[in-house]
Each structure stands twice: as structure tokens, then as C-alpha cells.
Amino acid sequence: MPRRPRHPDPPMPPGLIPADFMRRHDLWRRLYLDPFTCLTPRHAWAPLTDAEWAALVPLLEETGCGLACPGRPGERMADVRGRLDAIFRAVMLKRPAREGGGRAAWSALPPEFGKADTVARTYRRWAHRGLWLRLLAAVATPGAAPALRALAYRACCAVRRGIRIMGLKAIMLARKLRLFSALPAPSPWLPDPELSEIYMPVCLRIAQHAFDHPGWWPPRPLLRLMHSLHAIAGGRTRIRRDWEPA
């Protein structure tokens, strides 16, 4: 049966989408360039150097993580530096490709670093206190000490491991700092409230135009654009562990 010819789309009313919409908000860079060109270089795990440890001590003291005086119940640990080494080792572990790749489970932590459950519990407690987000912001600070900047990849791994604990504020901070390796998946696949704020005025103008002109319906290209922006702003409903950057 021959297809019925499709009616051509009506012309786009002027003013619904500003001519400089993409350029003004730099959407190409935001959605497609930065998430894949601003990844932090990967490196193998190594114990903290004396300079790196000295750079971390103020953050640990400010957030009350391990170095709180006199210490909180259940947090008295003889070797805080060793616990940090264990956490960084765990969050940098990867599953073999034959097992699907992506981040490894806490149970994959080598036994010489201590009990995996204990290390994971310390990591979660410190995540609730904001240590990993403070560290991420510190390594991206202009003029940060070289020892602190050397922790950038480890900070990214620590943040993306606990994204469910730290929530949307961690995703927004990583985007703001352009540290996309701190995200558990490519940025366009994660919720983006700022993108929603960008395109919402356009949606409201389209709705107002339809209200003012009964019988008018948005052209198909415009509907596809709005649908795509809405899908990107909402993110994927499920994030697989093998989607995280290297």
C-alpha cells in the first residue's frame, strides 16, 4: 500500500528560538566537547608521598576525618595515611575486560590493605562529611600546590565511586570544575539541571505561542530538538559501572 504523502512542516515562527541560542550557551562545548576532551590523565596507583600527605592533612582536620581530636567513637585509627592509601587503591581498581570492565567491587581490594568492609565504611563516612568534594575543589583551585594537583586523578576516582552518596551536587561540581573524570558516566548521560534552566524559557515561549494561536502545532524538527534537550537534561535512568571513564 503506497504511503500517504506527508504534509510539509509549517514554517518556524520567528523569535521562538534565538538565532544565537547554541552559541550563546556554548552548547556544543558543554554537551559534546568538554565531556570527552577534559578528562583527567589516568595513572597507576602509588602510595601517598610525604608532600601529598602534608597537603591532605588540613582537609582531614577541617572535615574531622581521621584526624579529629580527641576522635569520635569508631574512628580511632592508628594509621590514617595508610587508610587513605587503601581507599585510593580501592577506588582506582578496575574489573578485567572479560568481566565487563568498569570499577571493581570493594572486595577486590588486596588483603595487605586491610579488610575491604572497614575501608569501604571509612570511605562512606568521609563522603558524608564532604571530604571527597572538598578534595576535588582543592585540586582544581588555581595556584594549588603541585602535591595537591598530583592528587587530581585520585580525587576524581574517589568522587565518582560515591556519587550515590554525594548526589547531584557532586555531578554539578564536577561539571563546574570541568573534571569530567569525576563523573560515573559521560556527562550527557547524567542529570543536568543547568541545561534544564537554559531551555525552559524556549519551551515556555513555544507553549505560549501555541496558546495564542489555536490550531498551531510545533514543527517536527522543533519537537525533536525539545525532546532531545529534555532527555539530556534528565539523564539516563540507569548507569552501568563500565560507563565510567578510564
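When you line the sequence shown up against full-length UniProt numbering, it's residues 1 to 246, in that order. Cβ coordinates follow ideal geometry from the N, Cα and C atoms, glycine included. In this text the structure is predicted, and so the values were computed from the model without any measurement.
Asked	Found
By the three-class DSSP mapping on this structure, what secondary structure does R238 have?	coil
Over what stretch of residues does the alpha helix (DSSP H) that includes E52 continue unbroken?	D50 to T63
Sorted by chain position, which residues of the same chain lie with C-beta nearer than 6 angstroms to A246's C-beta, five sequence neighbours on each side aside?	R42
Rounded to whole angstroms, what is the Cα-Cα separation between R236 and V80?	37 angstroms
Is it the case that the region 128–137 contacts the region 97–111, given that we only count it when at least three CB pairs across the two stretches are under 8 angstroms?	no
What would DSSP say about R178, mapped onto helix, strand or coil?	coil
If we count the other Cβ atoms within 10 Å of its Cβ and call it buried at 16 or more, is T141 buried or exposed?	exposed
Looking at V119: is its Cβ nearer than 8 angstroms to the Cβ of I87?	yes
In the DSSP assignment, find the alpha helix (DSSP H) that holds R18 and state where it starts and stops.	Sequence inspection shows Pro at residue 18; the Arg mentioned does not correspond to that position. It is not in any alpha helix (DSSP H) - P18 carries neither H nor E in the DSSP assignment.
What's the call for A78, buried or exposed, on a 16-neighbour Cβ count within 10 Å?	exposed
Please classify G162: is it buried, with 16 or more other beta-carbons within 10 angstroms of its beta-carbon, or exposed?	buried
Can you give, in chain order, each stretch of the alpha helix (DSSP H) that sits fully within the region 154–202 and has at least 4 residues?	163–166 and 168–177
Around the C-beta of W126, are 16 or more other C-beta atoms found within 10 angstroms, so that it is buried, or is it exposed?	buried
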